[in-house]
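A short write-up of the structure that comes next.
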Amino acid sequence: DAGVIQSPRHEVTEMGQEVTLRCKPISGHNSLFWYRQTMMRGLELLIYFNNNVPIDDSGMPEDRFSAKMPNASFSTLKIQPSEPRDSAVYFCASQPYVGGRNTEAFFGQGTRLTVV
Amino acid sequence: AQSVTQLDSQVPVFEEAPVELRCNYSSSVSVYLFWYVQYPNQGLQLLLKYLSGSTLVKGINGFEAEFNKSQTSFHLRKPSVHISDTAEYFCAVSETGGFKTIFGAGTRLFVKA
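The listed protein sequences correspond, in order, to chains A and B.
Heads up: the first sequence at position 18 corresponds to 127 in our numbering, and the numbers run straight through without jumps.
Heads up: the second sequence at position 10 corresponds to 30 in our numbering, and the numbers run straight through without jumps.
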């Protein structure tokens with residue numbers, strides 16, 4: 110398997126524009142997570158899905174952020190409108206359900222977002 | 021709710037010296053514990069995990085960690101570090117039977133020649 114695939118790897122956009130980050134999880138993994146990493150706040154969990162259903166979006170900072178998982182092989186994180194403080198590295202991770210339990214998460218390479 | 025505290029934000033160490041990165045967690049239920057490593061401009065990758073069984077867990081690249089339930093700790097150790105071990109290390113915890121994983125703030129290990 111190619112691992113978790115995120116696109117784009119880098120995104121530079123102007124304040125006010127819509128940004129869409131994409132993620133393809135590892136095939137067969139039941140759970141998918143979106144994290145944001147900044148120097149100031151570290152690694153923050155934004156939202157996670159189980160079997161394509163959003164379970165907990167309490168980490169989503171504002172209504173400007175939304176996430177979808179229309180099927181088991183694709184998820185998007187959208188920011189509309191974007192602001193400079195949204196600049197960060199966004200990670201997607203997927204997690205298998207093995208032997209009756211969730212184990213470790215597998216991370217993508219991340220999308221470095223810069224909002225100017 | 022769970023929480024993870026990594027007691028050192030930065031650890032400088034000389035090459036071939038031993039190192040310990042400290043991690044304490046808090047949870048009212050039984051947990052799984054993990055250590056991840058992040059190299060520059062990359063995602064996190066798993067170093068090792070404790071799910072059950074032996075409290076001494078061995079991982080990749082010569083790292084090991086010991087689960088201490090009474091002290092709620094999961095410290096990471098390596099007897100002799102290399103320059104290539106320079107990276108950021110994250111301790112993480114998840115509830116058994118739960119979904120989400122909570123990460124610590126990270127410890128930056130800097131190995132000097």
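For glycine and all other residues, C-beta sits at the position ideal for the given N, C-alpha and C.
Can you pull the chain B residues whose beta carbon is under 9 Å from the beta carbon of residue i, in chain order?
i	result
residue 135 (chain A)	Going along chain B, no residue has its Cβ under 9 Å from residue 135 (chain A), so there is no contact; the nearest lies around 13 Å.
residue 165 (chain A)	119, 120
Kindly indicate if chain A contains any beta-carbon less than 9 Å away from that of residue i.
i	result
residue 116 (chain B)	yes
residue 110 (chain B)	yes
residue 73 (chain B)	no
residue 69 (chain B)	yes
residue 66 (chain B)	yes
What residues of chain A sit near residue i, judged by a beta carbon separation below 8 Å?
i	result
residue 126 (chain B)	151, 152
State the DSSP-derived secondary structure class of residue i, mapped to helix, strand or coil.
i	result
residue 160 (chain A)	coil
residue 103 (chain B)	helix
residue 165 (chain A)	strand
residue 124 (chain B)	coil
residue 139 (chain A)	coil
residue 118 (chain B)	coil
residue 81 (chain B)	helix
residue 118 (chain A)	coil
residue 210 (chain A)	strand
residue 179 (chain A)	strand
I want to verify the contact list: residues of chain B whose CB lies under 8 Å from the CB of residue i, in sequence order.
i	result
residue 203 (chain A)	Simply none; closest approach about 12 Å.
residue 159 (chain A)	119
residue 140 (chain A)	119
Along chain B, in chain order, which residues have C-beta atoms closer than 7 Å to that of residue i?
i	result
residue 214 (chain A)	121
residue 210 (chain A)	116, 117
Against residue i, what residues of chain A qualify as contacts under a CB-to-CB distance less than 7 Å, listed in chain order?
i	result
residue 63 (chain B)	200, 216, 217, 218, 219
Are any of the Cβ atoms in chain B nearer than 9 Å to that of residue i?
i	result
residue 113 (chain A)	yes
For residue i, which of the options has the nearest alpha-carbon?
i	options	result
residue 164 (chain A)	A:173, A:172, A:148, A:142	A:142
residue 157 (chain A)	A:147, A:146, A:184, A:171	A:184
residue 63 (chain B)	A:215, A:149, A:160	A:215
residue 181 (chain A)	A:198, A:162, A:125	A:162
residue 108 (chain B)	B:131, B:77, B:118, B:115	B:131
residue 209 (chain A)	B:122, B:121, B:117	B:117
What do you reckon, is the C-beta of residue i under 8 Å from a heavy atom of the ligand ATP?
i	result
residue 199 (chain A)	The ligand ATP is absent from the structure shown, which contains no ligand whatsoever.
**Cβ-based contacts, 9 Å cut-off: residues of the region 40-62 of chain B near chain A** = 52, 54, 56, 58, 61, 62
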